[in-house]
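Everything on this sheet refers to the single structure shown next.
Chains as they are written, first to last, in our numbering: chain A, 1 to 632; chain B, 633 to 1264.
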């Protein structure tokens, strides 16, 4: 078995209650590597076309990568793959924490979960062994409680638990998988999938005996030491100090902080919900993921007022500050931190949750949703109390929350009355807090990304400072203004999408590795992969793996009839110019996006009419078997 | 100016007799790097559509690369680019020797030659300066004589001279550029282009003052030392001992040595024309190119019998042994060495020359060409005397040689009588001595290569031993049998074509660097590029540069109306099964090749109907300007 892996994939059939271990060969590992591509391999082979995302025929795959658990920053990542109940196409989501490394140390590279248990169960993994246990007593409980109960039951103080909260049990379409009660595989509703299977949790306990071997520990140690020594002077220093929230104020100043459901890119209350404010007022400590020196995670504590926050539930990320904050016109940091806590207790994606509420607020402001719908709640921009209440109601699927739990796109279809006009989502997934209006390539990637709008599927627009060195290694040598979407920019988006796709397959954190601003550059990622696996990995090989995974994502969607027609930005972006701030007056052009899509599909070798992979495209990444499967 | 370059391109206008120096910026150098892509940049910008290849509007570009002249193996290469008088499309050819390094040390990265001189001239370059001098007294003289005369005239004993022989003066369509009187830019008729411009020679004298700086001399020295120390145990050891001729016998045994104009892949006389025989009987010494430890060049001497050979004209390569030997059914090593000498004296490509004679021999055997045509010569397979005579007659364009000097494809058109059936050429260029019958990907590359059949434009079929490590770095992880041309094989051909294209642009020798069998692997090439240029070059960047150059080649041809229709293998391959030896009975399938072409064009993002680049393909390698130029 190659270094970095166990060569052991656990197959769980919940319907039959069986547990089996598959031992793929080295060729499989080098070709699909880990994370998302490995997950997609099983998703494509095992999920039947037309499967109900919340039915037993859906398959949930949890995967690590070769570097997971290695003593270096940014490697403890878990990828979840399944058909998405939010988008109806492929679902794909990453998280950090200690769980991914611990899963590896328990003796598994990944878990493939099929079927549905008759009664709630949880999975208990340790020392290379797996066991299904009754979870009836855990059902309905929030994440913190469940952690305590499982640890107590198993008599283990130090262990890691991945679980669905009550939101996942109830099929909230953007329910998350939670670990440590504060790390989320947030996007595309993976929590709803696990909940639908009556699988409440996965508890893992690692041991040093089950640490996979590293090919060149000395080389790895050196790179690791380099990271620790260079963090302060690196571009990741700000991330270490203020976490992702470091960008709240710069985004607003640059006209790129979505405000009042994307009416504006400037939020007058940005300072009040900023990373600096959080640092000064409610930060308890900085937390980290296994083995990472950056410590970007926030842990906040609020002991007074209406919004008390328990530090075990962590603290809000930039995205959360934006979606519960500026999206909703709310500048109450405590309320946002509290909404974040609800999401972590009940297991929900903060982006989709906050953005769905912001959409409902705009509809309310326009009179399309009224207190009759909301049960008396004045769901207006700026009403922090209403936002918090609605978050709770969604988590519990209570009242109007039961409709919003479907996500903004489905809720608009249920409600009608023209509320669709205000939906800011792609393929049913709400758009995260980076604005294509001021970083034009993002518009293309939001539109074409197979699992809906996502801000971690490509490098954001060219950072001139990063040219020529860091970008030139990717052969990106011609910087283009952030406000332009020409052929070269499409190339930038395409190539960096492949690279980010590779990072989700190697399964590493995009805040640590990357072409432009992170601690380690792409070449260092390659060196680390070499040190861990002993393979002579190159940037080219990584990009091809990334391209392979992207083709697998598109192929899954193609099978479900999802293609170019669904690669659409929200209508609002083309109809309504931004108001105020530096991006005042900016409006996107649908024609420009469609032209960029033409180029993008062609650059990927896909059918330009349908946006779906061709046989040639699949063969070009050694996926002939997939072309056969699709009947191409 | 970046390390490795001067930042100086000499522009010569022969019509006006002007000399100018252009100083491009670093961006230009990193984007086009050198060699072929740099040559194509000027070819596309300066050669008008429909230009007569032998008219003054054609432009001949001679380029080096960043590593040319650096103290390491395999870097002293010269690329010649112009519209080809042999194919009517783009022409492209590489050579080694000492001239390329000396050109660099004279102060120039490349030379762009336009127009036509009224009277014969030669160019004299030294110390960063350039001068045009009268060459009337050199016209009509053979290469050795010209070298002596120029050295005498300039009073320099040590200098390097690139020149056309009498064949180039007379427009033999496969005339070569010669340097050291024994190194040839052999293919695509670049000698005819230079001859048509009345430019007889380019004499260069370097000085240590004009050596470009290297970014990291220590790192380069280490790699260089590694090469010297590991040569004996490397796959290049055989090349060092026997030169390219090491493969004569293995090719024949494997059924891959073209015999009697491709009637068979097995030559019963292979042993007699083998590298071993040459080594034992006529080898005088092993020669090398500037700075290279491999010493693959043969120097032979024959002092007795009808075929005396002067060592100054070197010795035959594998290709020459095949085309004048097995192609013609000739096992007389002395006769072959003598024909090789004629080619080097008069300046002709040995591949096209020998292959054209072999074609004429087959026509003669079938009675389609008679002694009436040949002036009494019995042009039969196995007739060494006739082969030698015909080589002389072609060089001088005498009698029937005047027709054969047009190359086999044009000669067949002139003669008619069904002689076309026996032509073994693609786009008018004769097929070299590697048989797609036993290395199936070569059939595809022979067909689609923009400047006609070429054996140095991709890796020959998968060498299993090289998997997984050396090929895996290119993400080629699934070896395919040599006799299969499936999707994965097309991918192999496509990706390695990009890599070989990159090597012709970085401008290094494919016998030294490469994915499979050479002294240095691709990663070491990258390390060397980094040491020389200081750029953070990656394998991906190199592949993209290679892809850029390939798109430029295709774009040039597209402008000339050359596309898929011309991407045709010789009919003979589909009509006539091989006879005898290990490949007995093998015949190629046109349908298989057409299917492979479909995939190949699509994998490159080109129009599958026409085989020409699309705007998306050009934009995908940052060549938007070229898409504009083509009106796409």
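Built from N, CA and C at the ideal position, the CB exists for glycine as well.
Between residue i and chain B, is any beta-carbon pair separated by less than 7 Å?
{"i": "residue 538/A", "result": "yes"}
{"i": "residue 459/A", "result": "no"}
{"i": "residue 581/A", "result": "no"}
{"i": "residue 541/A", "result": "yes"}
Tell me whether residue i sits in a helix, a strand or coil according to DSSP, three-state version.
{"i": "residue 1234/B", "result": "helix"}
{"i": "residue 211/A", "result": "coil"}
{"i": "residue 732/B", "result": "helix"}
{"i": "residue 30/A", "result": "helix"}
{"i": "residue 110/A", "result": "strand"}
{"i": "residue 782/B", "result": "helix"}
{"i": "residue 645/B", "result": "strand"}
{"i": "residue 1119/B", "result": "helix"}
{"i": "residue 610/A", "result": "coil"}
{"i": "residue 134/A", "result": "strand"}
{"i": "residue 636/A", "result": "Only positions 1 to 632 of chain A appear in the structure, and residue 636/A is not among them; the question remains open."}
{"i": "residue 830/B", "result": "coil"}
{"i": "residue 959/B", "result": "helix"}
{"i": "residue 594/B", "result": "In the structure as shown, chain B starts at 633 and stops at 1264, and residue 594/B therefore has no counterpart that could be examined."}
{"i": "residue 39/A", "result": "helix"}
{"i": "residue 699/A", "result": "Here chain A comprises residues numbered 1 to 632, so residue 699/A is not present and cannot be evaluated."}
List, in order along the chain, the chain A residues whose C-beta lies closer than 7 Å to that of residue i?
{"i": "residue 837/B", "result": "Chain A residues near residue 837/B: none, gap ~35 Å exceeds 7 Å."}
Along chain A, which residues have their Cβ under 9 Å away from the Cβ of residue i?
{"i": "residue 1235/B", "result": "605, 616, 617, 619, 620"}
{"i": "residue 592/B", "result": "As displayed, chain B neither begins before 633 nor continues past 1264, which places residue 592/B out of reach and without an answer."}
{"i": "residue 1155/B", "result": "536, 538"}
Distance cutoff 7 Å, beta carbons only. Does residue i sit that close to anything in chain A?
{"i": "residue 1256/B", "result": "yes"}
{"i": "residue 1119/B", "result": "yes"}
{"i": "residue 608/B", "result": "Because chain B is modelled from 633 through 1264, residue 608/B falls outside the range shown and cannot be assessed."}
List the residues of chain A that residue i touches, going by C-beta distances under 8 Å, in chain order.
{"i": "residue 1227/B", "result": "Result: empty, since nearest Cβ-Cβ is about 10 Å, beyond 8 Å."}
Taking C-beta pairs closer than 7 Å, name the residues in chain B that residue i reaches, listed in chain order.
{"i": "residue 478/A", "result": "1254"}
{"i": "residue 544/A", "result": "1107"}
Using a C-beta to C-beta distance shorter than 9 Å, which residues of chain B count as neighbours of residue i?
{"i": "residue 535/A", "result": "1100, 1101, 1104, 1105"}
{"i": "residue 592/A", "result": "Result: empty, since nearest Cβ-Cβ is about 15 Å, beyond 9 Å."}
For the region 1196-1213 of chain B against the region 1148-1165 of chain B, are there 3 or more C-beta pairs whose distance is under 8 Å? With a cut-off of 8 Å, the region 1148-1165 of chain B and the region 1196-1213 of chain B do not count as touching, because too few Cβ pairs lie within range.
Would the region 615-622 of chain A count as touching the region 1111-1127 of chain B if we require 3 or more Cβ pairs under 8 Å? They touch, by the three-pair rule.
Between the region 1029-1037 of chain B and the region 802-809 of chain B, do three or more beta carbon pairs fall short of 8 Å? Touching, yes.
Any chance the region 747-767 of chain B sits against the region 655-663 of chain B, with 3 or more Cβ pairs inside 8 Å? Contact annotation: the region 747-767 of chain B does not touch the region 655-663 of chain B, with fewer than three C-beta pairs closer than 8 Å.
Contact between the region 67-77 of chain A and the region 409-428 of chain A (3+ Cβ pairs under 8 Å): Counting Cβ pairs under 8 Å, fewer than three are found: no touch.
Would you be able to state if there are at least three C-beta pairs under 8 Å between the region 840-860 of chain B and the region 1001-1017 of chain B? Judged by Cβ distances under 8 Å, the region 1001-1017 of chain B makes no contact with the region 840-860 of chain B, as fewer than three pairs qualify.
Against chain A: residues of the region 1122-1147 of chain B by CB proximity under 7 Å: So the list reads 1122, 1123, given in the order they occur along the chain.
Interface residues of the region 658-692 of chain B facing chain A [CB-CB below 9 Å]: The region 658-692 of chain B vs chain A, Cβ under 9 Å: 658, 659, 662, 663.
Can you find at least 3 beta carbon pairs, one from the region 954-967 of chain B and one from the region 894-903 of chain B, that sit closer than 8 Å? Counting Cβ pairs under 8 Å, three or more are found: they touch.
So if I threshold CB-CB distances at 9 Å, which residues from the region 901-927 of chain B count as touching chain A? Residues passing the 9 Å Cβ filter: none.
Indicate whether the contact test is met: 3 or more Cβ pairs, each with one atom in the region 130-141 of chain A and one in the region 185-204 of chain A, closer than 8 Å. Three or more Cβ pairs closer than 8 Å define a contact, and the region 130-141 of chain A meets that threshold against the region 185-204 of chain A.
Does the pairing of the region 882-891 of chain B with the region 915-926 of chain B give three or more beta-carbon distances under 8 Å? By the C-beta criterion, the region 882-891 of chain B is judged not to be in contact with the region 915-926 of chain B, since fewer than 3 inter-stretch pairs fall below 8 Å.
Across the region 977-985 of chain B and the region 794-805 of chain B, are there enough close Cβ pairs to call them in contact, namely three or more that are closer than 8 Å? Yes: the two stretches touch, three or more of their Cβ pairs being nearer than 8 Å.
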